[in-house]
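The opening residue of the sequence shown carries number 245 in my numbering; numbering runs sequentially from there.
What follows is a short report on a single structure.
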Amino acid sequence: ILPQRVPQYAGFEIWGKTMPAAVVSGDFYDFIPVSDNILVGITRQSVIEIASKELGIETDERTIDRSEIYTADECFLTGTAGELAPVLSVDHRPVGSGAIGPVSAKLQKLYLQIARGQREAYHNWCTFVDPSLVETARK
Numbered sequence: 245i246l247p248q249r250v251p252q253y254a255g256f257e258i259w260g261k262t263m264p265a266a267v268v269s270g271d272f273y274d275f276i277p278v279s280d281n282i283l284v285g286i287t288r289q290s291v292i293e294i295a296s297k298e299l300g301i302e303t304d305e306r307t308i309d310r311s312e313i314y315t316a317d318e319c320f321l322t323g324t325a326g327e328l329a330p331v332l333s334v335d336h337r338p339v340g341s342g343a344i345g346p347v348s349a350k351l352q353k354l355y356l357q358i359a360r361g362q363r364e365a366y367h368n369w370c371t372f373v374d375p376s377l378v379e380t381a382r383k
């Protein structure tokens, strides 16, 4: 997935304003900060919380230089429609191994389980809909 490029802000790349990026480099887990003019999204905040609670990963928020994306072990985007989408390459250069990284894969799996109501500890994040109401609404 290659996010849409938008103009630079103060010399730094802003990737996918509606799907903020995160970069994994070694033991550093960095999210682009809200102050970089990105969408303050519930998916982004959810992934940060899941990373902390489920994987013991503490994240930081800071401006990420374009060169850091080139040399990162992993990079992913978060958003309502894309959920947690790994970035496999940027400017025809692979990010990390060019495949989804282990942290991205774990977070993506956890996020999807939570969103589908498969993790009881997070049921308060979900709004369950009675299937009979869906059928009634379709008629």
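Even for Gly, the Cβ is constructed at its ideal location relative to N, Cα and C.
Asked                                                                                                  : Found
Residue environment, Ala316, which counts as buried when at least 16 other CB atoms sit within 10 Å    : buried
Where Val278 falls: helix, strand or coil (DSSP)                                                       : helix
Whole-number beta carbon distance between Val331 and Leu321, since they are thought to touch under 8 Å : 6 Å
Beta carbon of Glu318 nearer than 8 Å to that of Val339                                                : yes
Element boundaries [beta strand (DSSP E), containing Ser318]                                           : The sequence given here places Glu at residue 318; Ser does not occur at that position. Element bounds for Glu318: Glu318 to Gly323.
Minimum length 3: unbroken beta strand (DSSP E) runs contained in the stretch 310-379                  : 318-323 and 327-330
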